[in-house]
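This report refers to the structure that appears directly beneath it.
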Amino acid sequence: MSNPILIIDDDEGIRHALSLLLMEEGYPSLQANSPIIAKQLLKSHTFSMVITDLNFTQDTTSAEEGLALIQQLRLDDEQLPILAITGWGSIEIAVKAMQHGANDFVQKPWENERLITIVRTQLQLAKANKRSQKLAVHNQLLQNELGFISGLIAHSVQIKQVLATLSQVAKSDVSVLLTGENGTGKSLFARYLHDLSTRKEEQLISVNMGAVSESLFESEMFGHVKGAFTDAKSQRIGRFELADEGTLFLDEIANTPYSQQAKLLRVLEEKQFEKVGASKTQSVDIRLVAATNADLTHAVATGEFRKDLLYRINTVQIHIPPLRERIADILPLAHYFLGRVIEKYAAQGRTLTAQAQRALQDYHWPGNVRELAHIMERAHILAPTEHIDAEHLNLTPVQQPKHVEIHPYCTVDTAHLTLSEIEQDALVRRLAFYDGDAVAAAQSLGLSRSTFYRRLNKAGK
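Sequence positions in the sequence shown follow numbering that gives the first Met the number 0 and run 0 to 460.
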């Protein structure tokens, strides 16, 4: 059901007549007999439109009250359609109403057909403007996103099974949790799921939860109103509102600050939220897809992730296998990325030698598909001829953890240390072993990157 239209008029008969007329056309409405009551309703409800009188004091026809109300309405909401209506109409008052922010002007007594046409037109324009605004924000988000874009290559049995499962759950609205290592293309599979769903005509909004700071979490996810805080110079649409009627993809969900997880759970369960600085509640209808490279069960056990939130996001859990487990896809992906690079640089075509192809298949791919994309671009640039050989790939050998003989209970080095100091030592050593690569170090310990840093900082205190 659409949001109601707010009718503001001190004449009960006028309010009743407008309400009946709108009801016949399928538009619900609420009524206020004064600007004071109207402002109270505006704080607690979301309206699709406002139809307001201009004079509320019987001994005046100046329209000052109505003009001031319109001006305030426009300051509070730049997109809200406002229709001014008055029995003391003149060209001068009509012009003033439009200058103060009204979208149109109607004089009493009105013609029903004309008034409904104006209402319908303004609602359609508001919907189109909001959609354009959402698309503009979405396009900016897409331009700012980091990562890779690839084709869906599915030669391996493992990926064919993943696609089959995604196709099976796409038509439902169940929440889906995609798990797998960094670089396996979880965002691509989220897009595939969205494109097969009944929401494919709406937006897929992606959020990297690891990039959302705790202080800006609510503003980023739920939006804010103008003046909500010092830098809030205009109203902001949050990610949930952007994804309304579409799909919301929460990548790296394990990195959601624990203090904000309850707020995330509430909007997922109740499908309602409030913008920062606003008191009224908005409804939202989204299909949730989440992704993580962390062990969320372990995160729950260590108190870093809410159990109820985990239950809410993993109705269906699908694991995306690493590239080293889908050997049949390596060469097709390599050729695909090579083709993209040739197109990108409008360069002469290059081919992979047999040795290069064997090297690609033998490599362990710690960075998965994302690493393959970068390696193909680098090899295309560095290869001196039209043939890309194994040496041009510059693949590093597999690093095996060094074997150290230790006492069954303790080492000489750590025998005198506290438990906290031992943990600090282990974390620092593991980070050094992986040349400062926190993601690799964290994965080797079965931790998320944020958990790794949190323990490192805690142990170092």
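Beta carbons are placed, not taken as given, at the ideal position from N, Cα and C, and that holds for glycine.
In the DSSP assignment, find the alpha helix (DSSP H) that holds residue i and state where it starts and stops.
i, result
"Ala83", "No alpha helix (DSSP H) contains Ala83, which is instead part of the beta strand (DSSP E) from Ile81 to Thr85."
"Asp361", "Ala353 to Asp361"
"Thr164", "Val156 to Ala169"
"Val427", "Leu418 to Phe432"
"Ile516", "Residue 516 is absent from the structure shown; the chain starts at 0 and stops at 460."
"Ile6", "Note, Ile6: premise wrong, no alpha helix (DSSP H); beta strand (DSSP E) at Ile4 to Ile7."
"Glu24", "From DSSP, Glu24 is part of no alpha helix (DSSP H); its letter is neither H nor E."
"Gln70", "Glu63 to Asp75"
"Gly338", "Ile329 to Tyr344"
"Ala242", "From DSSP, Ala242 is part of no alpha helix (DSSP H); its letter is neither H nor E."
"Asp307", "Lys306 to Ile312"
"Ala93", "Ile90 to His99"
"Val173", "No alpha helix (DSSP H) holds Val173; DSSP gives it neither H nor E."
"Ser443", "Ala437 to Ser443"
Is any heavy atom of the ligand NAD found at a distance shorter than 7 angstroms from the C-beta of residue i?
i, result
"Val315", "With respect to the ligand NAD, the structure offers nothing, as it holds no ligand at all."
Just the Cα atoms here: how many angstroms apart are residue i and residue j?
i, j, result
"Ile7", "Val118", "15 angstroms"
"Glu23", "Asn367", "59 angstroms"
"Lys170", "Ala293", "27 angstroms"
"Gly100", "Asp52", "14 angstroms"
"Leu162", "Pro321", "15 angstroms"
"Gln123", "Leu74", "21 angstroms"
"Ala441", "Asp424", "14 angstroms"
"His363", "Gly226", "52 angstroms"
"Ala93", "Thr85", "9 angstroms"
"Leu263", "Leu337", "40 angstroms"
"Ser1", "Ser47", "8 angstroms"
"Gly251", "Leu20", "It is worth fixing the name first, because residue 251 is Glu in this sequence and not Gly. In a straight line, the C-alpha of Glu251 is about 50 angstroms away from that of Leu20."
"Ile81", "Ile380", "58 angstroms"
"Pro3", "Ser282", "13 angstroms"
"Val427", "Phe451", "10 angstroms"
"Lys279", "Gln39", "10 angstroms"
"Asn128", "Leu79", "10 angstroms"
"Ala439", "Arg323", "16 angstroms"
"His44", "Gln71", "16 angstroms"
"Ser449", "Glu213", "13 angstroms"
"Ile374", "Pro383", "15 angstroms"
"Ile90", "Val49", "21 angstroms"
"Leu141", "Glu244", "Summary for Leu141: the model assigns pLDDT 49, below 50, so the residue's position carries little reliability; its value from the coordinates is reported in the next sentence. The straight-line gap from Cα to Cα measures roughly 19 angstroms."
"Arg265", "Gln316", "21 angstroms"
"Leu215", "Asp230", "12 angstroms"
"Ala327", "Ala189", "22 angstroms"
"Thr83", "Ser218", "The question names Thr, yet the displayed sequence has Ala at residue 83. One C-alpha to the other measures close to 33 angstroms."
"Asp9", "Trp109", "17 angstroms"
"Leu66", "Asn54", "9 angstroms"
"Glu370", "Ser258", "33 angstroms"
"Ala300", "Leu332", "38 angstroms"
"Thr164", "Asp103", "52 angstroms"
"Ile148", "Gln202", "At Ile148, the pLDDT of 40 sits below 50, so the modelled position is not reliable and the matter cannot be decided from this model."
"Val340", "Ile152", "17 angstroms"
Identify the residues that DSSP records as bridge partners of residue i: which are they?
i, result
"Gly12", "According to DSSP, which records beta bridges pairwise, Gly12 is partnered with nothing at all."
"Ile117", "According to DSSP, Ile117 bridges with nothing at all."
"Arg235", "His223"
"Asp52", "Ile84"
"Phe104", "Ala83"
"Thr350", "His386"
"Phe272", "Gln281"
Note the first and the last residue of the continuous beta strand (DSSP E) segment covering residue i.
i, result
"His318", "Val315 to His318"
"Ile36", "It is not in any beta strand (DSSP E) - Ile36 instead sits in the alpha helix (DSSP H) that spans Pro34 to Ser43."
"Leu247", "Thr246 to Asp250"
"Ile152", "Segment: none, Ile152 is in no beta strand (DSSP E) and carries neither H nor E."
"Gln30", "Ser28 to Ala31"
Check the Cβ-Cβ distances between residue i and every residue of chain B, and say whether any is below 8 angstroms.
i, result
"Leu351", "Absent from the structure: chain B. Only one protein chain is present."
For the 8 angstroms Cβ check, are there 3 or more pairs between the stretch 299 to 309 and the stretch 344 to 363?
Cβ pair count under 8 angstroms is below three, so no.
Start-end ranges of the alpha helix (DSSP H) lying completely within the stretch 175 to 213, minimum 4 residues
185 to 195
Hey, which unbroken runs of the beta strand (DSSP E) at 3 residues or more fall wholly within the stretch 274 to 304?
286 to 291
Any chance the stretch 151 to 163 sits against the stretch 271 to 283, with 3 or more Cβ pairs inside 8 angstroms?
Short answer: they don't touch.
For the 8 angstroms Cβ check, are there 3 or more pairs between the stretch 10 to 17 and the stretch 33 to 40?
Counting Cβ pairs under 8 angstroms, fewer than three are found: no touch.
Would the stretch 213 to 231 and the stretch 195 to 203 be scored as touching if the rule is three or more Cβ pairs under 8 angstroms?
no
For the structure I just gave you, are there three or more beta carbon pairs, one from the stretch 173 to 184 and one from the stretch 232 to 240, closer than 8 angstroms?
These segments do not touch.
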